[in-house]
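In what follows, a structure is listed as structure tokens, so that the remarks can point back to it.
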Amino acid sequence: MTDYGTVHYSCVDCSKKSCLKLDGQNPDFCLTTALSEAELDEMRAKYTADEQIQRAAIASAEADGLFYGQHTRVEDVIEFASRIGAKKIGIATCVGLLSESRTLAKILRKKGFDVYGVCCKVGSADKTRLGISEEQLAGFRTGRIMCNPVLQAELLNEAGTELNVIMGLCVGHDSLFIRHSEALCTSLVVKDRVLGNNPVAALYTVHSYYKHLLEPQGTDSAREFLSGGAEVGK
Ligand code: SF4
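With positions in the sequence shown counted from 1, the corresponding number in our numbering is that position plus 4.
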């Protein structure tokens, strides 16, 4: 990692893509050219030392390579699950996406998979159990039943699912779910309550409708945005 003052340049700052094109035009902060042969060998060994990892890596390369531009993401999930030999698929769903999850379950069952789904509100635990006070709860726009991604993961672990599909878990809840899931996870729906579960729209429109996202911290709109987030995390 090259430190250019306060900005640590990395792949997100690169327009060369020489790691793909192999044209030797790599920028001077290139993460690929910074790697030693020993580090690359160590990385390669990580794919081959674990049979599950190797199988998943090959399956995803096949699903991508053989059906590029032809398969929807739903079909990608089916293809990947088949190729890793998964028979039982877990669905970790947001309560607000139960209908879509039911449709997904129907599709997967038609394809021969055993399906087991767990909703985010499973356990019906109160948010005060997390250490959130009644005073804070009063300011929330959501109800008092907590999303329980750890329990979702543990119930799917107990059920022995071999691939878990995330259906619209909130930011952070998905992080906790992935941390606790024993099976590999993939996302089918990524929640965005404003953009119809299409979060990339904010990036596509960052020079128009969502230009406030590019305003530096300290501006009024940025402060407003941050204070909204800070309240929830208190
Ligand atoms: S690895 Fe190097 S060439 Fe590839 S995107 Fe990152 S900086 Fe650019």
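Backbone N, C-alpha and C fix where the C-beta goes; we use that ideal spot for every residue, glycine too.
Same chain, Cβ closer than 7 Å to residue i, five either side skipped, listed in chain order
| i | result |
| --- | --- |
| residue 113 | 119 |
| residue 193 | 101, 104, 171, 172 and 201 |
| residue 177 | 124, 151 and 153 |
| residue 95 | 105, 108, 109, 119, 121, 169 and 171 |
| residue 232 | Note on residue 232: pLDDT 44, under 50, position unreliable in the model; the coordinate value appears next. Around residue 232: no qualifying Cβ. |
Residue i beta carbon near the ligand SF4 (any heavy atom closer than 8 Å)
| i | result |
| --- | --- |
| residue 14 | yes |
| residue 40 | no |
Three-way DSSP call (helix, strand, coil) for residue i in this model
| i | result |
| --- | --- |
| residue 131 | helix |
| residue 114 | helix |
| residue 126 | coil |
| residue 82 | helix |
| residue 193 | strand |
| residue 152 | coil |
| residue 39 | coil |
| residue 199 | coil |
| residue 93 | strand |
| residue 238 | Confidence is the limiting factor: at residue 238 the pLDDT is only 23, short of 50, which leaves the residue's position unreliable, though a coordinate-based value still follows. In this structure, residue 238 counts as coil in the three-state DSSP scheme. |
| residue 12 | strand |
| residue 161 | helix |
| residue 167 | strand |
| residue 73 | coil |
| residue 175 | coil |
| residue 26 | coil |
| residue 120 | strand |
Exposure of residue i, with buried meaning 16 or more beta-carbon neighbours within 10 Å
| i | result |
| --- | --- |
| residue 167 | buried |
| residue 122 | buried |
| residue 165 | buried |
| residue 14 | exposed |
| residue 88 | buried |
| residue 21 | exposed |
| residue 157 | buried |
| residue 142 | exposed |
| residue 25 | exposed |
| residue 91 | exposed |
| residue 97 | buried |
| residue 63 | buried |
Contacts around residue i, its chain only, beta-carbon distance under 6 Å, and the 5 residues preceding and following it disregarded
| i | result |
| --- | --- |
| residue 214 | 206 |
| residue 186 | 161 |
| residue 83 | 67 |
| residue 19 | none |
| residue 163 | 120 |
| residue 31 | 18 and 20 |
Minimum Cβ-Cβ distance from residue i to chain D less than 9 Å
| i | result |
| --- | --- |
| residue 31 | Looking at the structure shown, chain D is missing, and only one protein chain is on hand. |
Own chain, CB closer than 8 Å to residue i, minus 5 neighbours either side, in chain order
| i | result |
| --- | --- |
| residue 138 | 132 |
| residue 51 | 57, 58 and 61 |
| residue 111 | 78 and 82 |
| residue 149 | 125, 128, 129, 130 and 131 |
Hey, which residues come within less than 6 Å of the ligand SF4, measuring from Cβ to any heavy atom, in chain order? 15, 18, 20, 21, 22, 23, 30, 31, 34, 35 and 36
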